[in-house]
Amino acid sequence: MISQEFEFHAPKQLSEALNLLQRYGDDAKVLAGGMSLVPLMTLGLLQPKIVVSFNHIRELDYVNEDKNMLRIGAMTRHSTIKTHQLIARHCPLLAEAASYVGDVQVRHRGTIGGSVAHADPAADYPPVMLVVGAQVKLQSAKGERVVKMTAFLKGLMQTDLQPGELLTEIQIPKLPEGSGSSYQRLHRVEGNFAIVNAAAVIEKGFKSARLGLGGVGETAILVDIGKRLTKGVNDEALRGVSDDAYAASHDAYGDLNGDAEYRKAMARVYAQRVVKAAASKIG
Amino acid sequence: MKAPVKVTVNKKAYSVEVDTRMILADMLRDELRLTGTHIGCGTGSCGACTVMLNGRTVKSCCILAADADGQEITTIEGLSTGAQHLHPIQEAFVENQGLQCGYCTPGMVLSTLQLLTQNPSPSEDEIRHGIAGNLCRCTGYQFIVKSIQEAAKSLQGKPAAPVANRG
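Those protein sequences? They're chains A and B, same order as listed. Counting in my numbering, the first sequence tops out at residue 1089, every number present. Counting in my numbering, the second sequence tops out at residue 176, every number present.
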């Protein structure tokens, strides 16, 4: 039983839900999968006055595509992201990232929108979102706007979401044909948050290359490593990537899982691993 | 604040009124008296509270009871009609001593059911990933893995679905 009283709403339509968020503003907390929110409420660490569940809004659970873009509804569960054919084809590293989120039960209930909006610095999706150039659709009763992931992630569990706004869709440009990509993470126990995680996308012919790092700053970090890889992936290029990863991790934090220097050292290791793995998958 | 909840649990319809602060695991245990669902950590780590929601395993300590309105749930009580008629997965846990204190067992059995429904012949690695969300502090997992391997063998050709319901 949660100790603090709150008002509970479970609308079935998105429009109804947005009206509730508009009416209650900052007092309302959005309940998506609840994999973080419900334990935080049980522990008394979060005590929202109003909880609006989105679990009964079916129109936010979808994965579809248009010519250049994958569109993923915010209430799509991790288990769907992990296994969906469109994602496997056009953004396989997102499926790789989903396979590491929590455990079987958490992936059945937790949602991509909830995870992205929660903005944990070591969550699995943010480094992937950055390297693929994802953007999010934010809707409110007043309208909607689309924000690039680089601008959406503001700080430690801080995003660009304003009171009354809801993250409704994640938009992911399809990777160019033949691109190589990889997502990997360091953890001690399966199901735990990563200590450090990394994602890389390399375009065929080394036309462009991007590295994403998590767990080494207040939010995930995007690094353009295109210049390092103009001659392909050789020892010199990997040393350059490693140095870039270390430099990008200058604000790394320390906790029980690893101090800042350890995280920075691991950022070097995982940056090289994902770049090597991504290069090996260029088609 | 109170909220009306209509749920189908183990194929039986229930209609109750719950405090919105109540988590699903508490509703199953205290309101419906289905005490096979255990509560360990209460924060989504241990998996003792695992139930099936619309056919997929979830941790019932991380779901508000009010949010389960209109859903279909299977708890460990839904797997067998009694000690003499255990589900093949439960049989395998008994035969292979896949438990010591038994506290994690309902969750382990339901995670096994989920795994074997999707993957009837899992490798040892796949088994360990399949039960990664269920902690056991007694066995060291060896006999649990063996139990699941034996359950997979005994279920070959048979559906790994809940077999019974009460009421």
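A virtual CB, placed ideally from N, CA and C, is assigned to each residue, including glycine. No experiment lies behind these values; they were computed from the predicted model shown.
Check	Outcome
Thinking just about the alpha-carbon of each residue, which of A:903, A:1008, A:881 and A:870 is nearest to the one in residue 892 (chain A)?	A:870
Applying the criterion that 16 or more other CB atoms from any shown protein chain within 10 Å of the CB defines a buried residue, is residue 10 (chain B) buried or exposed?	exposed
Is the CB of residue 75 (chain B) under 8 Å away from at least one CB in chain A?	yes
What are the complete beta strand (DSSP E) segments, minimum 3 residues, inside the segment 996-1056 of chain A?	1002-1008, 1015-1020 and 1027-1030
Who are the neighbours of residue 67 (chain B) on chain A, taking C-beta pairs under 7 Å?	911, 914 and 915
Kindly provide the ranges of any alpha helix (DSSP H) runs that are 4 or more residues long and lie completely inside the segment 15-46 of chain B, ordered along the chain.	none
Just the C-alpha distance for residue 118 (chain B) and residue 36 (chain B), rounded to the nearest angstrom, thanks.	21 Å
Could one say the Cβ of residue 148 (chain B) lies closer than 8 Å to chain A's Cβ atoms, at least one of them?	no
So, with DSSP's three-state summary, where would you put residue 95 (chain B)?	coil
Let's test the definition: count the other Cβ atoms within 10 Å of the Cβ of residue 986 (chain A) and tell me whether it reaches 16, buried, or not, exposed.	buried
Please specify which runs of the beta strand (DSSP E), each continuous and at least 3 residues long, are wholly inside the segment 825-854 of chain A, giving them in chain order.	834-837
Taking only beta-carbon positions, decide if residue 36 (chain B) is within less than 8 Å of chain A.	no
Residues of chain B with CB under 7 Å from residue 820 (chain A), in chain order?	Neighbours of residue 820 (chain A) on chain B: none; closest Cβ ~17 Å, over 7 Å.
What residues in its chain sit with their C-beta under 6 Å from that of residue 890 (chain A), if we drop five residues either side in the sequence?	869
Is the CB of residue 859 (chain A) under 8 Å away from at least one CB in chain B?	yes
Which residue marks the beginning of the beta strand (DSSP E) containing residue 813 (chain A), and which one marks its end?	813-815
Mapping the DSSP letters down to three states, classify residue 11 (chain B) as helix, strand or coil.	strand
Taking all protein chains shown into account, do 16 or more other C-beta atoms lie within 10 angstroms of the C-beta of residue 975 (chain A), making it buried, or fewer, making it exposed?	buried
Pull up the CB-CB distance for residue 901 (chain A) and residue 1008 (chain A), whole angstroms please, since I reckon it's below 8 Å.	Between residue 1008 (chain A) and residue 901 (chain A) the Cβ distance is about 18 Å, and since that is not below 8 Å, they are no contact.
Could you tell me which chain B residues have their CB closer than 7 Å to the CB of residue 854 (chain A), listed as they occur along the chain?	Those do not exist, as residue 854 (chain A) stays about 12 Å from chain B at its closest Cβ, beyond 7 Å.
Between residue 907 (chain A) and residue 930 (chain A), is the Cβ-Cβ spacing less than 8 Å?	yes
Relative to the alpha-carbon of residue 66 (chain B), which residue among B:73, B:56 and B:98 has its alpha-carbon at the smallest distance?	B:56
Compare the C-beta of residue 57 (chain B) against all C-beta atoms of chain A and say whether one is closer than 8 Å.	no
Could you name the residues that DSSP lists as bridge partners for residue 83 (chain B)?	B:61
To the nearest angstrom, how far is it from the Cα of residue 74 (chain B) to the Cα of residue 97 (chain B)?	30 Å
Please list the terminal residues of the continuous beta strand (DSSP E) segment that includes residue 945 (chain A).	941-946
Mind checking whether residue 843 (chain A) and residue 852 (chain A) have CB atoms under 8 Å apart?	yes
Does DSSP put residue 156 (chain B) in a helix, in a strand, or in coil?	helix
Go ahead and label residue 94 (chain B) buried or exposed: buried means 16 or more other beta carbons lie within 10 angstroms of its beta carbon, across all protein chains shown.	exposed
Residue 877 (chain A) to residue 859 (chain A), Cα distance in whole Å?	22 Å
Within 8 Å (strictly less), CB to CB, does residue 161 (chain B) reach chain A?	no
Taking all protein chains shown into account, decide if residue 1005 (chain A) is buried (16 or more other Cβ within 10 angstroms of its Cβ) or exposed.	buried
Does the beta-carbon distance from residue 915 (chain A) to residue 839 (chain A) come in below 8 Å?	yes
Of all the options A:864, A:1044, A:1065 and A:947, which has the alpha carbon lying nearest to the alpha carbon of residue 1002 (chain A)?	A:1065
Please state the DSSP three-state secondary structure of residue 875 (chain A).	strand
Taking residue 893 (chain A) as part of the alpha helix (DSSP H), name the residues at either end of that continuous run.	891-896
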